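Peer 1: Provided herewith is a single structure, encoded as structure tokens, for subsequent inquiry.
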Amino acid sequence: MKVTICIGSSCHLKGSRQIVEQLQYLVAENNLKDQVELGGTFCMGNCVNGVNVTLDDKLYSLTPETTKDFFEKEILPRVKKA
Amino acid sequence: MNNLCSDIGYVSVNKWGEQLCGDRVEIVEQGENSTVIVLADGMGSGVKANILSSLTSKIISTMMAANMKVEDCVSTIAATLPICAVRGVAYSTFTIVRIIENEEAEIIQYDNPFLILLRDGKFVEIPKTGTEIEGKMIYRSRIKLQENDFMVFTSDGAIHAGIGASLNFGWERKDIISFLEQMYDSSYTAKTFGTILLEECNHLYGGKPGDDTTVCVVKIRNRSQVNLMIGPPADRSDVNKMQSLFHSKEGKHIVCGGTTSTITAEFLHKPMVANLDYLDPEIPPTASIEGVDLVTEGVITISKVLDYAKDFLNDNETYSQWGYKRDGASLISRMLFEEATDINFFVGRAVNPAHQNPNLPITFNIKMRLVEELSECLKKMGKRIKVSYF
Chain A
173 MKVTICIGSS CHLKGSRQIV EQLQYLVAEN NLKDQVELGG TFCMGNCVNG VNVTLDDKLY
233 SLTPETTKDF FEKEILPRVK KA
Chain B
8 MNNLCSDIGY VSVNKWGEQL CGDRVEIVEQ GENSTVIVLA DGMGSGVKAN ILSSLTSKII
68 STMMAANMKV EDCVSTIAAT LPICAVRGVA YSTFTIVRII ENEEAEIIQY DNPFLILLRD
128 GKFVEIPKTG TEIEGKMIYR SRIKLQENDF MVFTSDGAIH AGIGASLNFG WERKDIISFL
188 EQMYDSSYTA KTFGTILLEE CNHLYGGKPG DDTTVCVVKI RNRSQVNLMI GPPADRSDVN
248 KMQSLFHSKE GKHIVCGGTT STITAEFLHK PMVANLDYLD PEIPPTASIE GVDLVTEGVI
308 TISKVLDYAK DFLNDNETYS QWGYKRDGAS LISRMLFEEA TDINFFVGRA VNPAHQNPNL
368 PITFNIKMRL VEELSECLKK MGKRIKVSYF
């Protein structure tokens, strides 16, 4: 499973660093490093809705506050299914 | 004609408690590849010394640049300088370094500590001949220059550092030489190398310099070109033109900006791999594209580079950060300030609609101003800058 976080200017200002750090922490905490691949990308062309994160090509809009929720509701169930 | 150029940098500290520096460095260019550098140290300190050294350096550099004889310069100074009421003489010492076609240097010294030449990091004594002009002993030398020659010259504040306090007789020339040999690194800029020496002097003085101290360094190096692209072109149909011109340039290539790097990756048919390491929490991570030396985010990174550039021109305190860190802004700073002598900017004028949001501090105007200010700073560092807009 591949999670890509936008680290372009606009998303950076909206907090992509905090999101990256939270996800890195959560993935490590749950021992999912082999199953979840975290990656970065520059501008996805959707800055208005940033921070943009894609999970297997599906686009999500996150904020640092909703990251934990996203991990629990979107990433965890998929890992369990796989 | 060779591929050499000179990188000139100087730094000063004032005598403790003085607001003005009594030393003065004046640089005058003579055409593209020749330069006259004068370091003058006025007698006394404060306002008087400042006036004496300003007059001396300005007169000598202007006259030398106009190809007039040293004898004439010296007699002009002797006749012009105001006479000190206390000591009854008009007096300012000086060192003149004249770089000729970046191949030769003519060095003329009067009463300043003798210039130190490091060739590939090792001290080389320069032969000199003395002539008496108007009762002053003037030493002249002429040397061939080669890559990685560092010429270091100072006002006497450097050799007097620590006198009577941390050192009995001040910091002698031979000690300065071994210090410079130890600290030498060919990648240092003239300014950085000068700062290292000045810091040490200031340290020996215990942070309270007993005399104005100035260090000037001339580094001879090969020209090296760096190209930096930022922003997509205003007209999307110009993408190929802009990219082809950029990649056809000799030297290193830096691409700044998310959209810009995406376009570059498409143009080169190579994948872009973004990093996730936040080496500096303020600066977005870098990325890599095969065929490009460095890929970074745009506005935030460049504004940090601009901060570093302004500081470099000032007292160079942030060298301790950009000098070694691996974040995008530090990497760009090292490439632009240290490596490059010629920089080509490729600036795209497209307006990123997402950035025109009043909540974001990155509007189009800011981007344009950043590039303008940065190229001004780089020009002051002695770089040749070309900016092309698309």
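From first to last, the protein sequence lines are chains A and B.
In the numbering used here, each residue carries its 1-based index in the first sequence increased by 172.
In the numbering used here, each residue carries its 1-based index in the second sequence increased by 7.
Glycine included, each C-beta is placed from N, C-alpha and C at the ideal position.
Note that the structure is a prediction, hence the values are computed from the model and not measured.
Apart from the five residues on each side of it in sequence, which residues of its chain come closer than 7 angstroms, Cβ to Cβ, to residue 10 (chain B)?
Peer 2: Cβ within range, chain order: 229 and 230.
Peer 1: For residue 388 (chain B), tell me which candidate among B:313, B:165 and B:21 has the shortest Cα-Cα distance.
Peer 2: The residue with the shortest Cα to Cα distance from residue 388 (chain B) is B:313.
Peer 1: Given this structure, state the Cα-to-Cα distance separating residue 27 (chain B) from residue 275 (chain B), to the nearest angstrom.
Peer 2: Cα to Cα, residue 27 (chain B) sits roughly 55 angstroms from residue 275 (chain B).
Peer 1: With H, G and I counted as helix, E and B as strand and the rest as coil, what does DSSP make of residue 358 (chain B)?
Peer 2: Residue 358 (chain B): coil per DSSP, three-state reduction.
Peer 1: By Cβ distance below 6 angstroms, which residues in the same chain neighbour residue 155 (chain B) in space, the five residues on each side in sequence not counted?
Peer 2: Once the five neighbours on either side are set aside, the close Cβ partners of residue 155 (chain B) are 127 and 193.
Peer 1: For residue 304 (chain B), return the contacting residues in chain A, with the cut-off set at a CB-CB distance below 8 angstroms.
Peer 2: Ordered by position in chain A, the residues that pass the 8 angstroms Cβ test against residue 304 (chain B) are 179, 180, 181, 184 and 214.
Peer 1: Quick one: grab the DSSP three-state call for residue 188 (chain B).
Peer 2: The answer is helix: DSSP assigns residue 188 (chain B) an H, G or I state.
Peer 1: Using 8 angstroms as the limit for Cβ to Cβ distance, is residue 282 (chain B) near chain A?
Peer 2: Yes, residue 282 (chain B) lies at the interface with chain A (some Cβ there is under 8 angstroms from its Cβ).
Peer 1: For residue 252 (chain A), which of helix, strand or coil comes out of DSSP?
Peer 2: Reduced to three states, the DSSP call for residue 252 (chain A) is helix.
Peer 1: Go through its chain and collect everything with a Cβ distance to residue 222 (chain A)'s Cβ below 6 angstroms, but skip five positions before and after it.
Peer 2: Once the five neighbours on either side are set aside, the close Cβ partners of residue 222 (chain A) are 182, 183 and 186.
Peer 1: For residue 310 (chain B), is the classification buried or exposed, using 16 other Cβ atoms within 10 angstroms of its Cβ as the cut-off for buried?
Peer 2: So residue 310 (chain B) counts as buried.
Peer 1: Please report the straight-line C-alpha distance between residue 106 (chain B) and residue 382 (chain B), rounded to a whole angstrom.
Peer 2: Near 25 angstroms, if we compare the C-alpha coordinates of residue 382 (chain B) and residue 106 (chain B).
Peer 1: Would you please verify whether the beta carbon of residue 240 (chain B) is less than 8 angstroms from any beta carbon of chain A?
Peer 2: It does not; no Cβ of chain A falls within 8 angstroms.
Peer 1: Where residue 86 (chain B) and residue 58 (chain B) are concerned, what is the direct C-alpha to C-alpha distance, given to the nearest angstrom?
Peer 2: Taking the straight line from one Cα to the other gives about 15 angstroms.
Peer 1: When you compare only the Cα positions, how much space is there between residue 166 (chain B) and residue 277 (chain B)?
Peer 2: Using only the alpha carbons, I get a separation of about 56 angstroms.
Peer 1: Checking 8 angstroms against the spacing of the C-beta atoms, do residue 99 (chain B) and residue 60 (chain B) come in under that value?
Peer 2: In this structure, residue 60 (chain B) lies closer than 8 angstroms to residue 99 (chain B) by Cβ.
Peer 1: What are the residues that DSSP puts in a beta bridge with residue 233 (chain A)?
Peer 2: DSSP, once it has assigned bridges, lists A:224 as partnering residue 233 (chain A).
Peer 1: Tell me, which residues are paired with residue 353 (chain B) by DSSP?
Peer 2: In DSSP, residue 353 (chain B) forms a bridge with B:236 and B:395.
Peer 1: With residue 259 (chain B) as the anchor, note down where its beta strand (DSSP E) starts and where it stops.
Peer 2: Segment 259-263, the beta strand (DSSP E) holding residue 259 (chain B).
Peer 1: Along the chain, which unbroken stretches of the alpha helix (DSSP H) at least 4 residues long are found entirely within the region 268-318 of chain B?
Peer 2: Counting whole runs of 4 or more residues, the region 268-318 of chain B contains no alpha helix (DSSP H) stretch at all.
Peer 1: Given a cut-off of 8 angstroms on the beta-carbon distance, is the pair residue 300 (chain B) and residue 259 (chain B) in contact?
Peer 2: In contact: residue 300 (chain B) and residue 259 (chain B) (Cβ atoms closer than 8 angstroms).
Peer 1: Beta-carbon separation of residue 33 (chain B) and residue 13 (chain B) under 8 angstroms?
Peer 2: Not closer than 8 angstroms, so no.
Peer 1: Thinking C-alpha only, which one of B:158, B:205 and B:202 is nearest residue 113 (chain B)?
Peer 2: For the residues B:158, B:205 and B:202, the minimum Cα distance to residue 113 (chain B) belongs to B:158.
Peer 1: Can you tell me where the beta strand (DSSP E) holding residue 41 (chain B) begins and where it ends?
Peer 2: Here the beta strand (DSSP E) through residue 41 (chain B) covers 41-49.
Peer 1: Any C-beta of chain A sitting closer than 8 angstroms to the C-beta of residue 307 (chain B)?
Peer 2: By this cut-off, residue 307 (chain B) is an interface position.
Peer 1: Tell me the residue span of the alpha helix (DSSP H) that contains residue 57 (chain B).
Peer 2: 53-72 is the span of the alpha helix (DSSP H), which, as asked, contains residue 57 (chain B).
Peer 1: At 8 angstroms on the CB atoms, spell out the chain A contacts of residue 268 (chain B), in chain order.
Peer 2: By Cβ distance, chain A contributes 214.
Peer 1: Any idea which residues DSSP pairs residue 212 (chain A) with across the strands?
Peer 2: Per DSSP, A:177 and B:281.
Peer 1: For residue 181 (chain B), tell me which candidate among B:22, B:203 and B:130 has the shortest Cα-Cα distance.
Peer 2: Ranking the options by Cα distance to residue 181 (chain B), first place goes to B:130.
Peer 1: Residue 158 (chain B) lies in the beta strand (DSSP E); which residues open and close that run?
Peer 2: Unbroken beta strand (DSSP E) run through residue 158 (chain B): 156-161.
Peer 1: Take residue 267 (chain B) and list the residues in its own chain whose beta-carbon comes closer than 8 angstroms to its own, dropping the five residues that flank it on each side.
Peer 2: If we look at residue 267 (chain B) and ignore the five residues flanking it on each side, its Cβ neighbours are 236, 237, 238, 239, 305 and 355.
Peer 1: Note down, in chain order, every chain B residue with its Cβ under 8 angstroms from the Cβ of residue 192 (chain A).
Peer 2: Those within 8 angstroms of residue 192 (chain A) in chain B are 283 and 285.
Peer 1: How many whole angstroms separate the CB atoms of residue 211 (chain B) and residue 187 (chain B), which I take to be in contact at a CB cut-off of 8 angstroms?
Peer 2: Between residue 187 (chain B) and residue 211 (chain B) the Cβ distance is about 14 angstroms, and since that is not below 8 angstroms, they are no contact.
Peer 1: Following the continuous beta strand (DSSP E) through residue 37 (chain B), name the residue where it begins and the one where it ends.
Peer 2: Unbroken beta strand (DSSP E) run through residue 37 (chain B): 30-37.
Peer 1: Is it buried or exposed, residue 137 (chain B), if we count other Cβ atoms within 10 angstroms and call 16 or more buried?
Peer 2: Exposed.
Peer 1: Which residues in chain B sit within 9 angstroms of residue 210 (chain A), going by Cβ to Cβ distance?
Peer 2: Those are 283, listed as they occur along chain B.
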